[in-house]
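Using my numbering, the first residue of the sequence shown is number 1477, and each one after it goes up by one. One structure is given below, encoded as structure tokens.
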Amino acid sequence: MHLEPAWLTDGLEHLQQRHLTRPRRLVEPLGNGRSRIDGRDLIDFSTNDYLGLARDSRLADAAAGAPAGAGASPLVSGRSPQYRQLERDVAAFENTPAALLFPSGFAANLGTVAALVTRDDVIFSDRDNHASLIDGCRLSGARVQIYQRDRLDELADQLAQAASAPRRLIVTDGLFSMDGVLAPLDALCDLADIHDAMVLVDEAHATGTLGASGRGTSELLDVEERVTLRIGTLSKAVGAAGGFAVGTTAFIDHLWHHARPQVFSTALPPATCAAASAGLQLIIDAPQRRVHLAELADSFRSHLSRLGLPVPPGPGPIIPVLLSEASAAVETSAALSKLGFFVPAIRPPTVPQGTARLRVSLSALHSQQDIDRLADAISSVIPMEARPRV
1477 MHLEPAWLTD GLEHLQQRHL TRPRRLVEPL GNGRSRIDGR DLIDFSTNDY
1527 LGLARDSRLA DAAAGAPAGA GASPLVSGRS PQYRQLERDV AAFENTPAAL
1577 LFPSGFAANL GTVAALVTRD DVIFSDRDNH ASLIDGCRLS GARVQIYQRD
1627 RLDELADQLA QAASAPRRLI VTDGLFSMDG VLAPLDALCD LADIHDAMVL
1677 VDEAHATGTL GASGRGTSEL LDVEERVTLR IGTLSKAVGA AGGFAVGTTA
1727 FIDHLWHHAR PQVFSTALPP ATCAAASAGL QLIIDAPQRR VHLAELADSF
1777 RSHLSRLGLP VPPGPGPIIP VLLSEASAAV ETSAALSKLG FFVPAIRPPT
1827 VPQGTARLRV SLSALHSQQD IDRLADAISS VIPMEARPRV
């Protein structure tokens, strides 16, 4: 067998022809929303470090005195003091009885979905859910029904038709990571109440950024008490690494025993746990970061509207600039890079065919001047005739 068979080289060539290859960039954070990317200093609009905490020295200081590794799964060798404290800190921050930690947000979604249902059950999954939710649905072995959040009458019919299933589970992103729009959680919870379904919400991109206390879309839309389980990540607004699930003590105990990515993975390192606890405390102590981020998001949406570009509804820090074709997204991203901005091109399979885009990800480290300059740059590199109709 050849070391590089034809299917491998042909597949890579096919990606290149379709403008779908992803470069391996070298990124060095510089502060103030800037990064040195492949040797060039750019204003960075790519990161999910929404509050700028990943670059905050207080998280590094918290981690400095803790061990770097954990050694084994928490079910095998137990939990470090930092691990146990982070569980308590997450539960307190999320205002829930209990929390469970995972190696990543992806692992949290994967393990939680698969642990809640069996092959006899039915999952109802939003068409635009994150890959980790999609893979969790597949791993579960349950029957999966796809719904569109703007056609909830169809979801109601699907739920009614699954009345004989032992369990029904609705899974959704809270803040959709590529569109920047919110899930209709109140309507989903209404349907769950009618049809006796569980509701799982992935708050990865909303934790720390939305809600009066930063608890995400469930808090923002006042449905926290109606959602069965919430998933979050410690690697975005919190500024560290890892994921978590929060809910009742019984549900968390169930996940402790049955969520395989948690059962069979090495525990989060004590240093990572200490950094995450420090990040959560800073979110509590510095709400002005979240306020500043919201102001920047409102301002940038106003800029896009002024430029005649589609403006997705929603209050979050993720704002797409739709360009349809992958080649256009790649070329526009490159043009912005020449002007001093890093705005990544998002292409299939991350988004559906014909919906390639720039994904502008705002951070509290950005200034109003950064936002104004980016809007001017976008105006200069996207000609009027190339802009999608509003």
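The beta carbon of each residue, even a glycine, is placed where N, CA and C say it ideally should be.
Is it buried or exposed for residue i, if we count other Cβ within 10 angstroms and need 16 for buried?
i	result
Ser1553	exposed
Gly1792	buried
Ala1479	For the record, residue 1479 in the displayed sequence is Leu; it is not Ala. Classification of Leu1479: exposed, given that the 10 Å Cβ count is below 16.
Ala1754	buried
Arg1835	buried
Lys1712	buried
Thr1831	buried
Gln1829	exposed
Pro1820	buried
Pro1763	exposed
Asp1604	buried
Phe1740	exposed
Which partner residues of residue i appear in the DSSP bridge assignment?
i	result
Arg1833	Leu1798 and Ile1822
Tyr1526	None; Tyr1526 has no bridge partner.
Leu1518	Ser1511
Val1503	Ile1513
Arg1777	Its beta-bridge partners do not exist; DSSP assigns none.
Arg1619	Val1598
Determine the contact status of residue i and residue j, defining contact as a CB-CB distance below 9 Å.
i	j	result
Leu1705	Ala1721	yes
Val1657	Leu1664	no
His1768	Ala1851	no
Asp1602	Asp1649	yes
Arg1849	Phe1818	no
Ser1522	Ser1837	yes
Gly1684	Ile1795	no
Gln1738	Leu1577	yes
Arg1512	Glu1504	yes
Asp1514	Arg1501	yes
His1842	Gly1587	no
Phe1582	Gly1719	yes
Completely contained beta strand (DSSP E) runs for the region 1702-1757, where each covers 3 or more residues: DSSP runs (the beta strand (DSSP E)) wholly in the region 1702-1757: 1705-1709 and 1719-1723.
Touch test, the region 1613-1624 against the region 1741-1750, Cβ-Cβ under 8 Å, three pairs minimum: Taking 8 Å as the limit for Cβ pairs, the verdict is that the region 1741-1750 does not touch the region 1613-1624.
Unbroken stretches of the beta strand (DSSP E), 3 residues or longer, contained in the region 1544-1616: Counting whole runs of 3 or more residues, the region 1544-1616 contains the beta strand (DSSP E) stretches 1574-1578 and 1598-1602.
Cβ contact check for the region 1564-1571 and the region 1688-1707: 3 or more pairs under 8 Å: Yes, since at least three Cβ pairs between the region 1564-1571 and the region 1688-1707 fall closer than 8 Å, the two stretches touch.
Any 3 or more C-beta pairs closer than 8 Å across the region 1636-1647 and the region 1770-1781: Result no; under three Cβ-Cβ pairs closer than 8 Å.
Runs of alpha helix (DSSP H) wholly within the region 1634-1680 (minimum 4 residues, chain order): Runs found: 1661-1671.
Segment contact flag, the region 1547-1564 with the region 1737-1745, C-beta cutoff 8 Å, min 3 pairs: Yes, the region 1547-1564 touches the region 1737-1745.
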